[in-house]
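For the sequence shown, the tail end lands on 416 under numbering that gives the first Met the number 0, and the numbers increase by one without skipping. Even for Gly, the Cβ is constructed at its ideal location relative to N, Cα and C. Read through the structure below, which is laid out as structure tokens, and then see the notes.
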Amino acid sequence: MKKHLRVLTVFATASLVVTVAGCASGGDAGGAGDGPEPVVMWGSWSGDQVDQLEAQAERFNESQDDYEVSYVPQELVEEKLLTSLAGGQVPDVVLWDRYQTSLYAPKGALAPIDEFIEEDAVDTSIFYQPALGEMEVDGELYGLPLLVDNRSLLFNQTLLTDAGVTAPTNWDELKTAAEALTVKEGGKLTQAGLDLSDPGLFNMYLAQAGGQLLNDDETKTAFNSPEGLEVLNFWQSLLDAGVYEQGFGDTGDSFAESRTAMKLDGPWALSTLDQVDGLEYGVVQPPAGPNGDQGAYMGGFGLVIPEGAKNAEGAWEFMKWWTTEAENGVAFGEISGWIPANIEAANDPYFTEDEHYAAFIETMNYAQTRPNVQGFSDVEGKALVPALERFLSGEISAEQALKDAQEQGDQLLAQNR
0 MKKHLRVLTV
10 FATASLVVTV
20 AGCASGGDAG
30 GAGDGPEPVV
40 MWGSWSGDQV
50 DQLEAQAERF
60 NESQDDYEVS
70 YVPQELVEEK
80 LLTSLAGGQV
90 PDVVLWDRYQ
100 TSLYAPKGAL
110 APIDEFIEED
120 AVDTSIFYQP
130 ALGEMEVDGE
140 LYGLPLLVDN
150 RSLLFNQTLL
160 TDAGVTAPTN
170 WDELKTAAEA
180 LTVKEGGKLT
190 QAGLDLSDPG
200 LFNMYLAQAG
210 GQLLNDDETK
220 TAFNSPEGLE
230 VLNFWQSLLD
240 AGVYEQGFGD
250 TGDSFAESRT
260 AMKLDGPWAL
270 STLDQVDGLE
280 YGVVQPPAGP
290 NGDQGAYMGG
300 FGLVIPEGAK
310 NAEGAWEFMK
320 WWTTEAENGV
330 AFGEISGWIP
340 ANIEAANDPY
350 FTEDEHYAAF
360 IETMNYAQTR
370 PNVQGFSDVE
380 GKALVPALER
390 FLSGEISAEQ
400 ALKDAQEQGD
410 QLLAQNR
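Here's what the structure looks like:
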């Protein structure tokens with residue numbers, strides 16, 4: 000039986016109603032018996048990543064005879080989707096930044112998939128639950144998680160060996176190692192002990208300190224706290240120790256060039272680092288905070304069906320094939336380097352027995368996601384990160400940075416309720 004998707008109101012440049020009569024039965028691809036029905040996938044991936052997606056689509060196409068998936072890259076895919084909804088021409092499936100779900104589902108851009116899940120008895124416990132939660136809005140599921148990532152600690156093994164230090168496991172060890180790995184010549188920093196260029200990593204340091212980004216009912220920010228201050232004081236101690244200077248390594252990749260000894264980075268960096276001649280590096284879990292708390296955040300992609308998709312049935316079969324069958328997630332990891340959101344696939348020996356991937360898989364066991372509430376992306380982008388940038392540049396104190404971010408962040412959350 001074909002599954003039918005609910006009618007939702009779509010808000011694009013102007014508001015309009017898109018009526019979904021039902022899942023297409025392949026009329027646009029010819030009548031029954033004329034070959035597989037086309038399934039069009041959009042995504043923002045480009046360059047070499049297009050070849051990766053096309054290779055995975057071909058594996059699906061060869062696995063059955065009913066559907067044929069093709070990938071069409073799009074710049075600013077979320078905005079393009081809203082424009083296409085207004086014109087009634089949408090793809091069937093989208094490679095989707097999960098973090099955008101809470102913003103675009105209420106706009107009517109995405110179709111809920113609960114009916115598909117129920118009819119095919121899909122066990123959603125097979126996925127990392129924080130990643131699955133990012134695709135749920137107001138009790139409805141709008142897609143399946145596909146790929147996950149996190150930030151773990153990368154270190155230059157040669158530099159650590161030369162300095163006589165081991166990979167740190169907590170903040171105290173991190174500071175000690177960073178100081179030992181810092182090199183200055185004539186008062187100028189020539190080797191940074193630790194990269195502190197990204198204030199967006201505040202969230203994971205906050206988790207390590209035992210703090211929260213939002214209060215329990217997610218109506219107000221919670222980072223202006225003793226734990227938040229502890230993070231910024233720790234950062235300040237590292238800056239005072241000279242392990243990093245603002246702007247260091249802005250040109251090129253200072254870690255790949257062995258000018259930065261340690262950095263928090265994701266699995267996407269590995270393919271590039273593996274091609275650097277003579278670079279010996281390792282990866283460990285992020286250092287624990289002062290009370291032993293482990294903390295990390297995950298990001299990544301999912302697959303969604305836009306409201307009004309002509310071949311939602313085919314899109315669902317492709318989504319289900321890729322995300323629920325572990326071997327398909329592993330196969331894509333082998334050609335792309337991405338970690339599957341399917342827990343069984345992520346714990347395949349391909350990842351767990353790899354000296355670089357293993358730590359990322361361990362970190363996935365406690366990595367959480369950013370709050371899944373409307374307005375939080377603005378809290379981060381417009382309030383928190385700008386205030387932290389001013390703090391790191393020495394313009395304002397730690398207390399002032401947290402206070403400014405709190406006031407503006409609470410205002411942004413209130414506007415989105």
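Spatial neighbours of Asp194 in its own chain (CB-CB distance under 6 Å, excluding positions within 5 residues in sequence) are listed in chain order as Thr259 and Lys262. For the pair of segments examined, the stretch 313 to 320 was found to touch the stretch 87 to 94: the number of CB pairs separated by less than 8 Å reaches three. In the three-state DSSP reduction, Glu352 falls in the coil class, being neither helix nor strand. Just so you know, the alpha carbons of Asp409 and Arg369 end up roughly 16 Å apart. Residue burial is scored here from C-beta neighbours: Gly138 has fewer than 16 other C-beta atoms within 10 angstroms and is therefore classed as exposed. Here the stretch 155 to 174 makes no contact with the stretch 216 to 223; the two share fewer than three CB pairs at distances below 8 Å. Non-local beta-carbon contacts of Ser392 in its own chain, meaning distances under 8 Å to residues more than five positions away in sequence, involve Gln245 in chain order. Here Thr362 is buried. Its C-beta has 16 or more other C-beta atoms within 10 Å. With contact defined as three or more Cβ pairs closer than 8 Å, the stretch 125 to 142 and the stretch 338 to 349 are in contact. Annotation: the continuous beta strand (DSSP E) that includes Gly298 extends over Met297 to Val303.
Taking each of Gln293, Lys106 and Asp239 in turn and checking the Cα distance to Asn169, the smallest one comes out for Gln293. With 16 or more neighbouring CB atoms inside 10 Å of its own CB, Arg150 falls in the buried class. Per DSSP, reduced to three states, the secondary structure at Phe154 is strand. The DSSP-derived three-state label of Ala308 is coil. In the structure shown, Gly199 falls within a helical segment according to DSSP collapsed to helix, strand and coil.
The Cβ-Cβ distance between Ala56 and Leu231 does not fall below 8 Å. Distance from the CA atom of Asn364 to the CA atom of Thr165, rounded to whole angstroms, is 23 Å. The stretch 202 to 211 makes contact with the stretch 283 to 301: 3 or more CB pairs, one atom from each, lie closer than 8 Å.
Assignment of Trp267 by DSSP, reduced to helix, strand and coil, places it in the helix class.
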